[in-house]
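Asks:
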Amino acid sequence: MLFRFLPKEFSFFDLFDKQVDYAVDASNYFKDLVSKGSVNDASLEKIKDIEHQGDDVAHDIFDNLNKTFITPFDREDIHALAKELDNIIDMVNTITSRLKIYKLSPNDKNLVEFAAVISDSVGAVACAVKGLRHSKNPKAIQESCVEINRLENVGDSMRDAIFAELFEKTKDPVAIIKWKEIYQDAETLLDICEDVTHVVGAILLKQA
Amino acid sequence: MLFRFLPKEFSFFDLFDKQVDYAVDASNYFKDLVSKGSVNDASLEKIKDIEHQGDDVAHDIFDNLNKTFITPFDREDIHALAKELDNIIDMVNTITSRLKIYKLSPNDKNLVEFAAVISDSVGAVACAVKGLRHSKNPKAIQESCVEINRLENVGDSMRDAIFAELFEKTKDPVAIIKWKEIYQDAETLLDICEDVTHVVGAILLKQA
Amino acid sequence: MLFRFLPKEFSFFDLFDKQVDYAVDASNYFKDLVSKGSVNDASLEKIKDIEHQGDDVAHDIFDNLNKTFITPFDREDIHALAKELDNIIDMVNTITSRLKIYKLSPNDKNLVEFAAVISDSVGAVACAVKGLRHSKNPKAIQESCVEINRLENVGDSMRDAIFAELFEKTKDPVAIIKWKEIYQDAETLLDICEDVTHVVGAILLKQA
């Protein structure tokens, strides 16, 4: 029996590693895109490709969850973790699409700064998630979670300052509508990374 | 003992059939309303009536869930399904109210098109939900879920195209604020229908 | 063994009492702030202080939940209740920050009215939550929940009327963008209070 369950347990870690790698790919590609300053059909296609591959892994996780009796940690935590990682990739796709639909030039100093913070945060998410395989040694995971929380606070302050500036300097209400949504989405992406730390924290506490 | 539990099990299916019928009523009424081109107090009243009747069924489901030991499928799935069906009806009510509050004429070609897709999607939701009673024969349910997912993708593309057009052609920022919210809500309604397929999929997998 | 578990059970009630008191503090401070008509750095600091203290209690609840075997009511309900109370305090903080960032004068007759309804609703939330310690005697809890639901309906009607007025009278689109978000947040705060009644209702039904 042991043989029957062990490989399944391990496959969850492999699937999460794969899924979080797609989240890292998406956030890094977004950082490059923003600093280069243009979103075209090819860049949207690239992000959508990553999203579809990430979706496939998420579905694999959900399917395995419904079919597996023994899981490496609580079923609800596995479900929540896969959902949050999926949300990260979705949000990168959403922001990129909006930049194109709104015909905004992404080469905006505030967005460049936000994209760097997002990429750092998703990198820390990858460290935390990959650490779960060795959760008896939680120090590296905890350090990543502290960093993700710090970056979420950085993002909150950035958004507040950017909003104040946007309403102060921009005279065109339509430009306000567009950019307000972009920056809000960027900050929400950091909130989603913070949600990952809540799931990871619950997993660690239960195994302590 | 069997006699004591069986009727309760069956009543969940009956309650879901009733609740999803209200969702169908709401979306069909909305489609008619939009094609006729005016929202008045009577139409709002009608939608609110349907919403209240749907609320009553949802409360019945939640009450029975908290009082019943044996349920036809997982308690969390019953809760999630009733919640999502409730969200569908709520969202139809929200859009209708907004049209009235914003003094918009709903006879807008884009909204007419969206309302038709919504009505189709909620129809497919009804097929999927009513099929759960015969979940050992899941083919019809699965086909409905595929259709709901297809219509969600259709809605995504419609919203992107409509947003691009809205920002391109509309000069009045206040009109942009209003219509952007209406179309966004319409697309969210299709997302909620897709959420139903996730719950239904989990139910089918667990019973496979 | 009994000695080992009883104190832990009781501590959940103590923690919830503490958390809901912070929610009451936040909503009362907000009501005062709005009627006085100005948000400065000191007022933001005060709200953030309350939020941090509330956060600490929420973390205490989550930590205890993950470490305790026997809980006074379902684990998922404890988690949901702490989350909703946290959401109340967060939302008060969000609205207060926005008023400052958007440079709005909060002394707006509509917002004053909303703040009074919010303060009443959070007061009723406190009665409901504190009543859980005596849940075998649910009448006071149920009355509070009825009141919270009534106030949510009041808030819905207020928001609809305020939105109609805003779009009717305000000519500046940027002012519409700002105030629309403030009023929407105010109404969402009442929705969160209503979410508390759903959790409380589930707890009562399971103990009936």
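Going down the list, the protein sequences come from chains A, B and C.
Numbering follows our numbering, with no gaps: position 10 of the first sequence is 10.
Numbering follows our numbering, with no gaps: position 199 of the second sequence is 1199.
Numbering follows our numbering, with no gaps: position 87 of the third sequence is 2087.
The beta-carbon is built from N, C-alpha and C at its ideal position, and this holds for glycine as well.
Note that the structure is predicted; figures quoted are calculated from it, not measured.
Between Asp191/A and Lys1036/B, what straight-line distance do the alpha-carbon atoms span, to the nearest angstrom?
Replies: Cα to Cα, Asp191/A sits roughly 42 angstroms from Lys1036/B.
Asks: For Lys206/A, which residues in chain C fall below 7 angstroms Cβ to Cβ?
Replies: Neighbours of Lys206/A on chain C, chain order: Asn2066.
Asks: Please state whether the Cβ-Cβ distance between Arg1098/B and Ile1182/B is less than 8 angstroms.
Replies: Yes, Cβ-Cβ distance for Arg1098/B and Ile1182/B is below 8 angstroms.
Asks: Tell me whether Asp2032/C sits in a helix, a strand or coil according to DSSP, three-state version.
Replies: Helix at Asp2032/C.
Asks: Ile88/A and Lys189/A - do their beta-carbons sit closer together than 8 angstroms?
Replies: It is worth fixing the name first, because residue 189/A is Leu in this sequence and not Lys. For Leu189/A and Ile88/A, yes; Cβs fall inside 8 angstroms.
Asks: Compare the C-beta of Ala2202/C with all C-beta atoms of chain B and state if any pair is closer than 8 angstroms.
Replies: Output row for Ala2202/C: interface = yes.
Asks: Does the CB of Phe2167/C have a neighbour CB from chain B at under 8 angstroms?
Replies: Yes, because at least one Cβ of chain B sits closer than 8 angstroms to the Cβ of Phe2167/C.
Asks: Classify Arg2150/C as buried or exposed, calling it buried when 16 or more other Cβ atoms lie within 10 Å of its own Cβ.
Replies: Exposed is the call here.
Asks: In chain B, what lies closer than 9 angstroms to Tyr102/A by C-beta?
Replies: In chain order: Phe1163, Ala1164, Phe1167.
Asks: Which whole-angstrom value describes the C-beta separation of Ala186/A and Ile95/A, a residue pair presumed to lie in contact below a C-beta threshold of 8 angstroms?
Replies: Indeed, because the Cβ distance is near 6 angstroms, the residues count as touching under 8 angstroms.
Asks: Does Val1174/B have its Cβ less than 8 angstroms from a Cβ in chain C?
Replies: Chain C contact via Cβ: present.
Asks: Reducing DSSP to helix, strand and coil, say where Tyr67/A ends up.
Replies: The question names Tyr, but residue 67/A in the sequence shown is Lys. Of the three classes helix, strand and coil, the one that applies to Lys67/A here is helix, per DSSP.
Asks: Listing by chain order, which chain A residues have their CB less than 8 angstroms from the CB of Ile2177/C?
Replies: The answer, in chain order, is Pro173, Ile176, Ile177, Lys180.
Asks: My assumption, with CB atoms under 8 angstroms, is that Asp1086/B sits in contact with Gly1054/B. Please give the rounded CB distance.
Replies: Right, their Cβ atoms sit about 6 angstroms apart.
Asks: Give the C-beta separation of Val2039/C and Pro2106/C to the nearest angstrom, bearing in mind that I take them to be a contact with Cβ-Cβ under 8 angstroms.
Replies: The pair is a contact, with the Cβ atoms about 6 angstroms apart (cut-off 8 angstroms).
Asks: Inspect the CB distances between the segment 2008–2028 of chain C and the segment 1108–1117 of chain B and report whether three or more fall short of 8 angstroms.
Replies: No: fewer than three Cβ pairs fall under 8 angstroms.
Asks: Within 10 Å of its beta-carbon, does Ser1121/B have 16 or more other beta-carbons around it, so buried, or fewer, so exposed?
Replies: Buried, since its Cβ has 16 or more Cβ neighbours within 10 Å.
Asks: Look at Leu1104/B and Val1034/B and say whether their C-beta atoms are less than 8 angstroms apart.
Replies: Contact: no.
Asks: Skipping 5 residues on each side, what residues in its chain have a beta carbon closer than 6 angstroms to that of Arg4/A?
Replies: Low per-residue confidence applies at Arg4/A: pLDDT is 44, beneath 50, and the placement is therefore not dependable, though the value from the model is reported in the following sentence. Correct list: empty, nothing qualifies.
Asks: Rounded to whole angstroms, what's the CA-CA distance from Asp32/A to Val20/A? Just pull it up for me.
Replies: Whole-angstrom Cα-Cα distance: 19 angstroms.
Asks: Helix or strand or just coil, what does DSSP make of Gly37/A?
Replies: Note: Gly37/A maps to coil in three-state DSSP.
Asks: What in chain C is Cβ-close to Asp160/A, meaning under 8 angstroms?
Replies: Ser2097, Ile2101, listed in chain order.
Asks: Measuring CA to CA, which of Asn1066/B, Ile1047/B, Ala1140/B, Gln1184/B is closest to Lys996/B?
Replies: Given that chain B is displayed from residue 1001 to residue 1208, the structure contains no residue 996/B and the question cannot be resolved.
Asks: Mind checking the segment 1043–1077 of chain B against chain D and listing, in chain order, the residues whose C-beta falls within less than 8 angstroms of any C-beta there?
Replies: Absent from the structure is chain D; the protein chains it does hold are A, B and C.
Asks: Return helix, strand or coil for Tyr22/A, following the three-state DSSP convention.
Replies: Tyr22/A: helix per DSSP, three-state reduction.
Asks: Measure the C-alpha to C-alpha separation of Glu1084/B and Val1125/B and round it to an integer number of angstroms.
Replies: If I take the Cα positions, the gap works out to 11 angstroms.
Asks: Could you check whether Asn2066/C and Leu223/A sit closer than 8 angstroms to each other, using their CB atoms as the reference points?
Replies: Since the first residue of chain A shown is 1 and the last is 208, residue 223/A is not available in this structure.
Asks: Count the other CB atoms, across all protein chains shown, that sit within 10 Å of the CB of Glu2045/C; report buried if there are 16 or more and exposed otherwise.
Replies: Glu2045/C should be labelled exposed.
Asks: Taking buried to mean at least 16 other C-beta atoms within 10 Å of its own C-beta, is Asp2063/C buried or exposed?
Replies: Under this definition Asp2063/C is an exposed residue.
Asks: Distance, Cα to Cα, Val146/A vs Leu1081/B?
Replies: Their backbone Cα atoms lie some 36 angstroms apart in a straight line.
Asks: Tell whether a beta-carbon distance below 8 angstroms holds between Phe1073/B and Gln1184/B.
Replies: No.
Asks: Going by beta carbon distance, what residues of the same chain come within less than 8 angstroms of Asp90/A, once the five residues before and after it are set aside?
Replies: Excluding sequence neighbours, Asp90/A sits near Glu51.
Asks: Whole angstroms is fine: what's the gap from Ile177/A's alpha carbon to Cys2193/C's?
Replies: Their backbone Cα atoms lie some 29 angstroms apart in a straight line.
Asks: Leaving out five residues before and five after Ser157/A in sequence, what residues of the same chain have Cβ atoms less than 6 angstroms from its Cβ?
Replies: Within the same chain, Ser157/A has no close Cβ partners at all.
Asks: Quick check on DSSP: helix, strand or coil for Asp1108/B?
Replies: Coil.
Asks: The ligand MN heavy atoms versus the CB of Asn2066/C: any closer than 7 angstroms?
Replies: In the structure on display, the ligand MN does not appear, and there are no ligands present to speak of.
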